[in-house]
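Presented below is the structure to which this report refers.
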Amino acid sequence: MAKSVPAIFLDRDGTINVDHGYVHEIDAFEFIDGVIDAMRELKKMGYALVVVTSQSGIAPGS
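Take the position in the sequence shown, starting the count at 1, then add 10; the result is the number in this note's numbering.
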């Protein structure tokens, strides 16, 4: 049987990145200060990290 792993679900906009509206280009994506270090700490604690978003441009078929 596979080992279960605890997971943390992180909303993308406003939680891990500065919310400037829809991101059309990677250069417009800006992480919130300290979030990368915080996510590394969560990984060290054994959590799987899952990023979620409700942006329509990422929806299936878009």
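Idealized CB from N, CA, C, for every residue including glycine.
Going by other Cβ atoms of all chains shown within 10 Å of its Cβ, with 16 needed for buried, is residue i buried or exposed?
i, result
"Val33", "buried"
Per DSSP, what kind of secondary structure is residue i in: helix, strand or coil?
i, result
"Val15", "coil"
"Asp29", "coil"
Starting from residue i, follow the alpha helix (DSSP H) in both directions and report where the run begins and ends.
i, result
"Val45", "45-54"
Would you please state the rounded distance, in angstroms, between the beta carbons of residue i and residue j? I believe it to be under 8 Å.
i, j, result
"Ile42", "Ile26", "6 Å"
"Ala58", "Val15", "5 Å"
In the DSSP assignment, find the beta strand (DSSP E) that holds residue i and state where it starts and stops.
i, result
"Ala38", "Looking at the DSSP string, Ala38 is not in any beta strand (DSSP E), and its letter there is neither H nor E."
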